[in-house]
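Reading through the structure tokens given below for one structure.
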Amino acid sequence: MLKGQLGLWSSGTIVGIFCLFGFIAPLVDYSAQDAVNQRERQFCPPAFVDATPEQSRSCPKPTGSFFGTDHLGREVGIRLFKGIQAVFFPGCLAAILAIFIGGLLGAVGGYTQGALRAITLGLIRIIDTLPRMVFLILVCTIFRPSITLIAVVAGILSIPTVATVVRVKVERLASEDYILAHIAHGFRPVKILLYHILWLQCRSVLIRQASFIFGYIVFIEAALCYLGDYGVQEPQPSWGNMIAQAKSYALMSTWPWLFPSLAVMVTIAAFMAFGNVIANRDEGAKR
Amino acid sequence: MNRLVGFAGVVSKRISGAIALLIGASSIIYLTVRMAPGNAVDAITPMGTPDDIKQQLAADFGLNEGPVKGYFSWLSRAFQGDLGDSLVVAMGSRVVDEALPAYWITLRLSALALLFCLAVAFLAALATSHHQRRSGLMAAPIYVFTTIPSFIMAVFLIHGINSFVRYNISQDVIFTLDWYALGQPSDSIVPTLIGGLALVFSDGLFVDYLNALRAELTKLKTSQFIMSVKSRGASVWPHIIRNLWVPLVAGYAARLPLVLSSVVIVEKIFGIEGAGFLLIEAAKVRDLPMVVGVSLLFTMTVIIVDLLASLVRVATDPREVARGA
Amino acid sequence: MKNLLAVKDLSIEFDTKAGRKRVVDSISFQVGEGEVLGVLGESGSGKTITTSAVLGLIQGNPGVVNGQILLSTGDETLNLLAGLGDVMTGNKGIEVKNVRRWDRLVSRRMKSVWGSQMTAVFQNPRASLDPLIKVGTQVAESVALAHPDWTATRVRDKALDWLQRVQLNAPERVYVSYAHELSGGMCQRVMVAVALAREPRLLIADEPTTGLDTTVRAEIVKLFASLIDEENRAMMYISHDVREVLYLADRVIVMKDGVILETSTAHDIRHGYGQRAPYTQFLLESAGIFEGDPNA
């Protein structure tokens, strides 16, 4: 009993903190801590590590910077917090886009017959064929990349995954007796498809996919920043550009790239786990 | 005879489906190029490109023609091996000449990494098929480990090796976070090996494969025909291996796009000069013919491997023929 | 009549989320050589899990299996459960290593039993055949196991002969077919051929007609009757269909909720001799067989 709850609570807490910070980060004024004219404070170690004598001369007391400072003397902790803001709304956008379009395409592909089905499935297959990272880099080359655009494209590229799980589920359900009974009772097909099949039956897989896509956006933002400074641009912090910048100074200090890396890692894992746990609970409750 | 006709029918259907996919996917790539904002040629070339090269580029991509006509002239040129001339990365030499050798490196790396992943996952699935799904506290580190993004895995690996080498072997050898080892010969196998490991054990690839194989194995082991085989005293393993072959091949093909995405990152980080590395370098300087050419190669590989896998399935599983396309 | 199989005080318990559940409660029965034992009961009565225990094919995590399953191989009497009873028990309940140990022990024990001593025909015949191998090859596999010294041509001829004997039209064509190309009834005929070609001393038929059409069911039951008679093999025939069991069996046991309610001869039940248990009476009546009905 406790075991099942533990997965929910641990992943749920991280996801909850992430979403909460995503909402409140735009409201916080942090310009003082993020100022770049503090070069003498660069590479301060985090509060839980003993500073070398030369560092302790310039660095503030531990209370000042719990996660240390980066090469420009900016607080890593504050930037981690603000970095959530950079991916939160794009992540929501991508998830909503993929869930709505993917769910609809999957339902149409699974429920209809003939030409409409063939066209839908073909479209899904075509998008599925494009290797995501390669296509995103192509898009980044052609357009002036903003994180919103990247999120939209990543959302579109996630459509096939959503559509396929929904289609498989719908195909199995469409021939089940109670759905046939609904049809025989004269319910409108649209209502059966949207309410009885998509909402009641595919809810859990959609939640799982939304959570996965959110994790994927966190990943893609960080990866594209790392690879070619696409995505969120300085001075606005994001976890990706924090890692990308800190890597040049990796020999001088580990901390500035370690914390954002850990944050990306833990967040992605939490979103994956959260999606799975919630979906499993929802499916378990139905049985 | 009847079976042979069905077989030929399914094979031709699969091949025509693959051709349709190729046309669909390449048209998406082409349309993305056409959708460049403002004056397309200006938008997709680096600053200061001479006018004659701009003209050449516009002709290469059929930008002076309508989208449909332009697409087909571009596609037909692409299939004759003419993907245009590189603008910056390879300074005017043909994209194909540069991209194909690099692509061979990439393909070898990702195919071998995935094969290694498959082999290890297969053995692990055999060894752990009795285990129940883990839950609770143990699940958390496993989740973190298995969903770790490839580039973070690579960063950790490099840092770990870096520290190890500096403190245990020599102070002189220094890697920065991108793999620029001093005194490291460029054809060294070491980055490729570590990059391959980073490919296999990141992005959830290995665990995803392992779970799929384990589910398949459990399904097979508890399936009725295996019970039936057991109960008549025959050896079950020939039957299990034969039936596992189909999901193995399907899983390989299904995961290749994922690996081809990760390989771009891994090549960049470890300085393996394959197509992914080329892609990133070209993207950085907006060398569009190169980017488009490499993208097309990647997409074609996905389609071809998918086709090959489905043909293998048709050849090994008689139900595929009965099911039709 | 000499006992081929004797089950004594067999109890099976499963660990479920709601605690340990006893699905079979100290049952005892025997099958003699050349005898057909009918096991009658509705779904959930524990009859299928009993046959799985006899076959050593219990799936999942059995909590405890207690009692004795004695199989006489001619020279000796094997207790199929010896040393297995306490594998699963323990303070911590079921553990992975115990499941694995259970599997290993059972496989080692049953190696000499599966096939030569007993084999089984299950319900859902199409799922009982390997989907990727031609059905004829699967019959031949059985023949080759029964006669390891035979040449390939002789094995093939024998396999074809078996397909003929289970009354399949055009055995040559069936031989090169795959399971998905055959109907359910044809698949079950092939399964009967596969099982009998192995030449077991005891055939266990676990609801072999469930899911088939009524006419096909009658044919399969008749096929069992004639082949078992010809081969003079012992059979355990498990079914929820009273008429099938009464048609085939020499003796009948009636199970409900993991307990044997009645053991009697088919002859007695058919002719209404002796005292019926109320549940047996109920089963008979729901099949339209009333006491003393001579047409039954």
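Protein chains in written order, with my numbering: chain A, 404 to 690; chain B, 134 to 458; chain C, 4 to 299.
Backbone N, C-alpha and C fix where the C-beta goes; we use that ideal spot for every residue, glycine too.
message: I'd like to know whether the C-beta of Y240(C) is nearer than 8 Å to at least one C-beta of chain B.
response: Contacts with chain B at 8 Å (Cβ-Cβ) do not include Y240(C).
- prompt: Nearest-angstrom Cα distance between A287(B) and F410(B)?
  reply: Straight-line measurement puts the Cα of F410(B) at about 15 Å from the Cα of A287(B).
message: Suppose you measure from the CA of G381(B) to the CA of Y598(A); what does that come to, to the nearest Å?
response: With the sequence shown as reference, residue 381(B) is identified as Leu, and Gly is not the correct amino acid for it. Each residue's alpha carbon lies about 37 Å from the other.
- prompt: Three or more C-beta pairs closer than 8 Å, one from the segment 535 to 549 of chain A and one from the segment 161 to 170 of chain B: is that the case here?
  reply: The segment 535 to 549 of chain A is in contact with the segment 161 to 170 of chain B.
field: Terminal residues of the beta strand (DSSP E) in which M258(C) lies
entry: Element bounds for M258(C): 254 to 259.
- request: With DSSP as the reference, label E16(C) as helix, strand or coil.
  value: It is a strand residue.
- request: Starting from the Cα of L332(B), find the closest Cα among S443(B), V399(B), N376(B) and give me that residue.
  value: Cα-wise, what sits closest to L332(B) is V399(B).
query: Distance, Cα to Cα, A497(A) vs E624(A)?
result: Put simply, the backbone Cα of A497(A) is about 12 Å away from that of E624(A).
- prompt: Does any C-beta atom of chain B lie closer than 8 Å to the C-beta of F617(A)?
  reply: So, not an interface residue.
query: The beta strand (DSSP E) spanning D28(C) covers which residue range?
result: Note, D28(C): beta strand (DSSP E), 22 to 35.
Closest by C-alpha distance to T80(C), when choosing among S115(C), Q191(C), Y250(C): Relative to the Cα of T80(C), the nearest Cα in the group S115(C), Q191(C), Y250(C) belongs to S115(C).
- prompt: Along the chain, where does the alpha helix (DSSP H) that runs through D193(B) open and close?
  reply: Here the alpha helix (DSSP H) through D193(B) covers 184 to 193.
- request: Examine the Cβ distances between the segment 610 to 630 of chain A and the segment 575 to 593 of chain A and report whether three or more of them are shorter than 8 Å.
  value: Touching, no, given that fewer than three Cβ pairs across the two stretches are closer than 8 Å.
- prompt: In chain order, what residues of the same chain have a beta carbon less than 6 Å from the beta carbon of T466(A), not counting five sequence neighbours either side?
  reply: Because T466(A) sits at a pLDDT of 47, beneath the cut-off of 50, its placement in the model cannot be relied upon, and the point is left open.
task: Say whether chain C places a C-beta atom closer than 8 Å to the C-beta of H372(B).
output: Look at H372(B): its C-beta is under 8 Å from a C-beta on chain C.
task: Answer yes if the segment 247 to 267 of chain C comes into contact with the segment 25 to 36 of chain C, meaning at least three C-beta pairs across the two stretches below 8 Å, and no otherwise.
output: When Cβ pairs closer than 8 Å are counted between the two stretches, the segment 25 to 36 of chain C is seen to touch the segment 247 to 267 of chain C, the count reaching three or more.
query: Taking 7 Å as the cut-off, does the CB of P448(A) come closer than this to any heavy atom belonging to the ligand SAM?
result: The ligand SAM is not among the ligands present in this structure, which contains no ligands whatsoever.
- prompt: Is the CB of A196(C) under 8 Å away from at least one CB in chain B?
  reply: So no, A196(C) is outside the interface.
The segment 113 to 127 of chain C: positions lying closer than 7 Å to chain B by Cβ: For the segment 113 to 127 of chain C, the set of positions with a beta-carbon nearer than 7 Å to some beta-carbon of chain B reads W117, G118, S119, T122, A123, F125, N127 in chain order.
Bridge partner(s) assigned by DSSP for V42(C): In the DSSP assignment, V42(C) forms a beta bridge with I241(C), I256(C).
task: Compare the C-alpha of T532(A) against each of T434(B), A442(B), N197(B) and name the closest.
output: Closest by alpha carbon: T434(B).
task: Kindly indicate which three-state DSSP category T268(C) falls into: helix, strand or coil?
output: Three-state DSSP puts T268(C) in a strand.
field: Own chain, CB closer than 6 Å to A147(C), minus 5 neighbours either side, in chain order
entry: V158, listed in sequence order.
- prompt: Taking 8 Å as the CB-CB limit, is V298(B) close to chain A?
  reply: Not an interface residue.
- prompt: Exposed or buried, what is Y385(B) when buried is set at 16 or more other beta-carbons lying within 10 Å of its beta-carbon?
  reply: With 16 or more other Cβ atoms within 10 Å, it is buried.
task: Compare the C-beta of S145(B) against all C-beta atoms of chain C and say whether one is closer than 8 Å.
output: Not closer than 8 Å to any Cβ of chain C, the Cβ of S145(B) fails to qualify, so no.
- prompt: Quick one, which residues of the segment 199 to 210 of chain C are near chain B if we go by CB-CB under 9 Å, in chain order?
  reply: In summary, the residues of the segment 199 to 210 of chain C whose CB is separated from some CB of chain B by less than 9 Å are A200, R201, P203, I207, in the order they occur in the chain.
- prompt: Per DSSP, S3(C) forms a beta bridge with which residues?
  reply: Residue 3(C) cannot be examined here, being either before or after the span of chain C that is shown, 4 to 299.
task: State the DSSP-derived secondary structure class of W602(A), mapped to helix, strand or coil.
output: Looking at W602(A) - three-state DSSP - the assignment turns out to be helix.
message: Could you check whether the Cβ of P534(A) sits closer than 8 Å to any Cβ belonging to chain B?
response: Cβ-Cβ to chain B under 8 Å: yes for P534(A).
task: Work out the CA separation of I302(B) and G316(B) for me, nearest whole Å.
output: Legend: pLDDT at G316(B) = 42, less than 50; position of this residue unreliable, value from coordinates given subsequently. Computed Cα separation, rounded: 14 Å.
query: Exposed or buried, I374(B), counting other C-beta atoms within 10 Å across all chains shown (16 or more means buried)?
result: I374(B) comes out exposed.
message: Residues of chain A with CB closer than 7 Å to the CB of S335(B), please, in chain order.
response: Within 7 Å Cβ-Cβ: nothing; S335(B) doesn't reach chain A, min ~10 Å.
field: For D209(C): DSSP bridge partner residues
entry: Note: D209(C) sits in a beta bridge opposite I241(C).
query: Between G512(A) and the rest of its own chain, which residues show a CB-CB distance below 7 Å, the 5 nearest in sequence each way excluded?
result: Result list for G512(A): R520, T523, L524, I527, A566, R570, in chain order.
query: Would the beta-carbon of M239(C) fall within 8 Å of that of I207(C)?
result: For M239(C) and I207(C), yes; Cβs fall inside 8 Å.
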